[in-house]
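*Asks:* Numbering (the numbering used here), first residue to last: 50 to 395.
We treat Cβ as the ideally placed atom computed from N, Cα and C, and that holds for glycine.
Because the structure is a prediction, the values reported are computed rather than measured.
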Amino acid sequence: MHKPFLPLNASFGVVFMIAAFMTAPTLSYGDELNIYSARQESLIKPLLDRFTALTGTKVNLVTGKGDALLTRLKSEGLNSPADVLLTSDAGRLYRAQQAGVLQAFSSQELNAAIPAHLRSSEGQWYGLSVRARVIVYAQERVEPAELSTYEALSDPSWKGRVCIRSSNNIYNQSLVASMIASQGLEKTEVWLKDFVTNFSRPPAGGDRDQIKAVAAGQCDVAIVNSYYLGGMITSEDNRQQEAASKVSLFWPNQKGRGTHINISGAGITQSAKHLVSAKRLLAFLATDESQQWYGEKNNEFPVRAAVDISETLKAWGPFIADQLNVSELGRYNAEAIMAMDRAGWK
Ligand code: FE
Numbered sequence: 050m051h052k053p054f055l056p057l058n059a060s061f062g063v064v065f066m067i068a069a070f071m072t073a074p075t076l077s078y079g080d081e082l083n084i085y086s087a088r089q090e091s092l093i094k095p096l097l098d099r100f101t102a103l104t105g106t107k108v109n110l111v112t113g114k115g116d117a118l119l120t121r122l123k124s125e126g127l128n129s130p131a132d133v134l135l136t137s138d139a140g141r142l143y144r145a146q147q148a149g150v151l152q153a154f155s156s157q158e159l160n161a162a163i164p165a166h167l168r169s170s171e172g173q174w175y176g177l178s179v180r181a182r183v184i185v186y187a188q189e190r191v192e193p194a195e196l197s198t199y200e201a202l203s204d205p206s207w208k209g210r211v212c213i214r215s216s217n218n219i220y221n222q223s224l225v226a227s228m229i230a231s232q233g234l235e236k237t238e239v240w241l242k243d244f245v246t247n248f249s250r251p252p253a254g255g256d257r258d259q260i261k262a263v264a265a266g267q268c269d270v271a272i273v274n275s276y277y278l279g280g281m282i283t284s285e286d287n288r289q290q291e292a293a294s295k296v297s298l299f300w301p302n303q304k305g306r307g308t309h310i311n312i313s314g315a316g317i318t319q320s321a322k323h324l325v326s327a328k329r330l331l332a333f334l335a336t337d338e339s340q341q342w343y344g345e346k347n348n349e350f351p352v353r354a355a356v357d358i359s360e361t362l363k364a365w366g367p368f369i370a371d372q373l374n375v376s377e378l379g380r381y382n383a384e385a386i387m388a389m390d391r392a393g394w395k
C-alpha cells in the first residue's frame, strides 16, 4: 500500500533539492546531525536513512516520549548534543518554544511548503504532518445522523456512552484549547461540565484503547486521533483489525469551524551545532516525497493538500479542517488544563 521511495534520479523534486544543496556556500558533506525524536524509530528511521543517502550526513537518533525529551532538552541547555527536536502536538512544540530550547529561523522553502497556520509564526517550529481528532462510533448502536459536533457530545442523550482518554493527555488539552479559542472559556467550561458526566468510565488507556472499548460495547462513541484508527485497520494483528471493523469514523464540526486538527513537527534546538544540516533536514521532510511517505507510514495527512494520501485515509472521504493557527493550541493550553481539572475530567 505504501509507495516506495522513488529512485534517486527519478524524482524531479529530489534532483532539484540536491541542486539547491550544491549551490549552498556553507555546504559540507560528511556532516553529522543529532535528533531527539518522540516519533517511534520505525516511523522515522527509513526517512533519515534516505536523507543520509542523499546528503552524506550521518544521523544519530535518540527516541523517547515527547515530554521526557523536552525535560531533557531543558536540563541539558546549551550543552545538549541535540540539533533537532521532532515531536507531536503543536501544544508540545509551543511548550518547547516557551521553554527557550528552540531557535527561530526563517526559510523561504519551508514557508512556501507549509501553510502558515501549521507552523510557528516566529519560525521556531514547523508542522510536518497533520492528524485529525475525530469521533469514532459503534456501527451497531449509533446512526451517523445522531452525530454532529464535539460540543453536541455533552447532550444528556450521550449519558454513559462516551469514552475518552485522560485530561493529562496533550491531544485532549489541545482539543479543549481549540474550543476556548473558538468560543471562549465560559462556554467551554459549561460544555466540559456536561461532557464529563457523559463518560461511560473513568478515563484510562490511550486512543486505541478507546476504540477497542467502543468495539467491545463499553461505550458508543470515542474521540481519538485519526491515525490510531488507520493503524488498527491496517494492523497485522487480527484483534485490532476486528475491533476497527466494528466502528466508523465521523468528521465532527463539518458545518462549523471544521474538525480539530493537530500536527507533528520539528524545530531546531538552541544548542544546535550542525545548523546547516538541521535546516537541510527540515527542508527534506517537507518535500513531496517525504510528505507522502511520512504521512502514509503513520496514516497521517500531509501538510499540503496536493500530496497524495494513503488508501485508508481516502476511504474516509474528504473533510473540512479547522483553520485555527495551531500556535493557539499552545497559547490556551494552561487554561484548558485548569478548565478540564475544574470539570473533574480525570
Ligand atoms: Fe499519538
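If you compare alpha carbons, which of 332, 362 and 235 is closest to residue 388?
*Replies:* Considering only alpha carbons, the answer is 235.
*Asks:* Do residue 108 and residue 185 count as a contact pair if the criterion is CB distance below 8 Å?
*Replies:* Result no, Cβ atoms of residue 185 and residue 108 do not sit closer than 8 Å.
*Asks:* Which same chain residues end up closer than 8 Å to residue 253 when comparing Cβ atoms and leaving out the 5 residues on each side of it in sequence?
*Replies:* If we look at residue 253 and ignore the five residues flanking it on each side, its Cβ neighbours are 214 and 215.
*Asks:* Going by the beta-carbon positions, is the gap between residue 171 and residue 194 smaller than 8 Å?
*Replies:* The answer is no: Cβ separation not under 8 Å.
*Asks:* Are the beta-carbon atoms of residue 313 and residue 112 separated by less than 8 Å?
*Replies:* Not a contact, by the Cβ cut-off of 8 Å.
*Asks:* Tell me whether residue 294 counts as near the ligand FE, meaning its Cβ is closer than 7 Å to at least one heavy atom of that ligand.
*Replies:* No, since every heavy atom of the ligand FE falls outside the 7 Å radius drawn around the Cβ of residue 294.
*Asks:* Hey, which unbroken runs of the alpha helix (DSSP H) at 4 residues or more fall wholly within the stretch 323 to 378?
*Replies:* Fully enclosed alpha helix (DSSP H) runs of 4 or longer: 324 to 334, 337 to 346 and 360 to 364.
*Asks:* Tell me, which residues are paired with residue 135 by DSSP?
*Replies:* Paired residues: 86 and 315.
*Asks:* On the DSSP letters alone, give me the boundaries of the beta strand (DSSP E) that residue 115 sits inside.
*Replies:* No beta strand (DSSP E) holds residue 115; the alpha helix (DSSP H) holding it covers 115 to 125.
*Asks:* When DSSP labels each residue in this structure, what does residue 91 get in the three-state scheme?
*Replies:* If DSSP states are grouped into helix, strand and coil, residue 91 belongs with the helices.
*Asks:* At a cut-off of 7 Å, would you count residue 137 as near the ligand FE, judging by its Cβ distance to the nearest heavy atom?
*Replies:* Within the cutoff, so yes.
*Asks:* If you follow the beta strand (DSSP E) that residue 107 is part of, which residue opens it and which one closes it?
*Replies:* First-last of the beta strand (DSSP E) with residue 107: 107 to 112.
*Asks:* Taking DSSP as the reference, what is the three-state secondary structure of residue 383?
*Replies:* Three-state result, residue 383: helix.
*Asks:* What residue does the beta strand (DSSP E) around residue 249 start on, and which one ends it?
*Replies:* Unbroken run through residue 249: none, as it is neither H nor E.
*Asks:* Confirm the yes/no value for this check: CB of residue 396, any heavy atom of the ligand FE, distance under 7 Å.
*Replies:* Nothing can be reported for residue 396, as the shown portion of the chain is limited to 50 through 395.
*Asks:* Short check: CB of residue 81 to CB of residue 323, under 8 Å?
*Replies:* Yes, the Cβ-Cβ distance between residue 81 and residue 323 is below 8 Å.
*Asks:* If you draw a straight line from the alpha carbon of residue 123 to that of residue 169, how long is it in whole angstroms?
*Replies:* The straight-line gap from Cα to Cα measures roughly 19 Å.
*Asks:* Considering only residues of the same chain and omitting the five flanking positions on each side of residue 307, which have a CB-CB separation below 6 Å?
*Replies:* For residue 307, where only same-chain residues beyond five positions count, the Cβ hits under 6 Å are 369, 370 and 371.
*Asks:* Which value, in whole angstroms, describes the spacing of the CA atoms of residue 225 and residue 118?
*Replies:* So the alpha carbons of these two residues sit roughly 24 Å apart.
*Asks:* Near residue 93, which residues of its chain fall below 6 Å by C-beta distance, leaving aside the five closest residues on each side in sequence?
*Replies:* Cβ neighbours of residue 93 beyond the five flanking positions: 86.
*Asks:* Could you pull the start and end residues of the beta strand (DSSP E) that residue 272 belongs to?
*Replies:* That run of the beta strand (DSSP E) goes 270 to 274.
*Asks:* Leaving aside the five residues before and after residue 400 along the sequence, list all residues of the same chain whose C-beta is less than 6 Å from its C-beta, in chain order.
*Replies:* Lying before the first or after the last residue shown, residue 400 is absent from the chain, which here runs from 50 to 395.
*Asks:* Just to confirm, are residue 159 and residue 364 a CB contact at a threshold of 8 Å?
*Replies:* Their beta carbons are not under 8 Å apart, which means residue 159 does not touch residue 364 by this criterion.
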